[in-house]
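For the sequence shown, the working numbering gives the first residue as 25, with consecutive numbering after it. Note that CB positions come from ideal geometry on N, CA and C, so glycine has one too. Heads up, the thing below is written out as structure tokens.
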Amino acid sequence: MKTTILASLVLCVGLSNSFAGQLDPRFDGKWPGSETIIGYFVREQMGREQKPGQTPALIAIADSGKMVGVVLGLTPGRYNVSPKSDGNTLIFDVPANSNRGVGLSIGRTDGKLVLSADGNTLTETGHALLPGTRHPVNCVITGTFHRQSKK
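Next comes the structure, spelled out in structure tokens:
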């Protein structure tokens with residue numbers, strides 16, 4: 025009885041892992057748009073309450089969603105894709121061997137890209153740690169991107 029339960033458990037875990045992380049293939053391509061940075065430009069750059077900062081951005085995704093790069097925007101670079109990514113949701117973070125900052129990783133820390141039902145729009149939410157006047161500032165990044173090309 026115990027052997028049967030253990031074998032069933034191992035089989036279920038193995039099957040669930042084989043289906044995890046299957047991203048929608050429509051993620052691949054170039055995605056231009058704009059990012060809104062909430063918390064940094066307002067407080068650190070403008071010194072008063074104003075609209076959040078906006079910047080043009082370009083995200084590139086390749087290899088069936090296994091490679092993500094911010095080509096233009098806040099802290100350009102290549103980012104790791106999380107195994108928690110699945111379906112229409114791609115989760116990414118800073119590579120472990122990043123050289124940003126001493127002791128702290130200054131720049132984008134993580135992000136999530138959600139693909140629209142029609143496959144033509146990405147919605148981004150993420151976080152960044154940026155240098156401030158006295159200490160690093162936590163920021164929220166949001167963005168909307170539209171498909172430019174498939175590769």
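Distance cut-off 7 Å: residue i Cβ against heavy atoms of the ligand ADP
| i | result |
| --- | --- |
| G89 | What this structure holds is no ligand at all, so the ligand ADP is not there to describe. |
6 Å CB neighbourhood of residue i in its chain, flanking five on each side removed
| i | result |
| --- | --- |
| Q78 | S58, T60 |
| I85 | F51, D52, V92 |
| K136 | I115, T149 |
| P56 | L82, Q172 |
Rounded C-alpha distance that separates residue i from residue j
| i | j | result |
| --- | --- | --- |
| L47 | P119 | 20 Å |
| L82 | R158 | 30 Å |
| S106 | D134 | 10 Å |
| T168 | T147 | 5 Å |
| N144 | D117 | 23 Å |
| N162 | R132 | 10 Å |
| P80 | S140 | 20 Å |
Sub-8 Å separation of residue i and residue j beta-carbons
| i | j | result |
| --- | --- | --- |
| D52 | S109 | no |
| T113 | V94 | no |
| L96 | I165 | no |
Other residues of its chain near residue i: CB distance less than 7 Å, five sequence neighbours each side excluded
| i | result |
| --- | --- |
| P160 | L128, I130, L153, L154 |
| K54 | L82, A84, Q172, S173 |
Chain-order list of residues whose beta-carbon lies under 8 Å from that of residue i (same chain, five-residue window excluded)
| i | result |
| --- | --- |
| P49 | S88, G89 |
| H151 | R132, T133, D134, G135, N162, C163, V164, I165 |
| G111 | Q46, L47, D48 |
Would you check if the region 163–172 and the region 102–118 touch, i.e. whether three or more CB-CB distances between them fall below 8 Å?
Segments in contact, no.
Inside the region 134–166 only - beta strand (DSSP E) runs reaching at least 3 residues
145–154
Can you list the beta strand (DSSP E) stretches of 3 or more residues lying completely in the region 78–131, in chain order?
91–96, 101–105, 113–117
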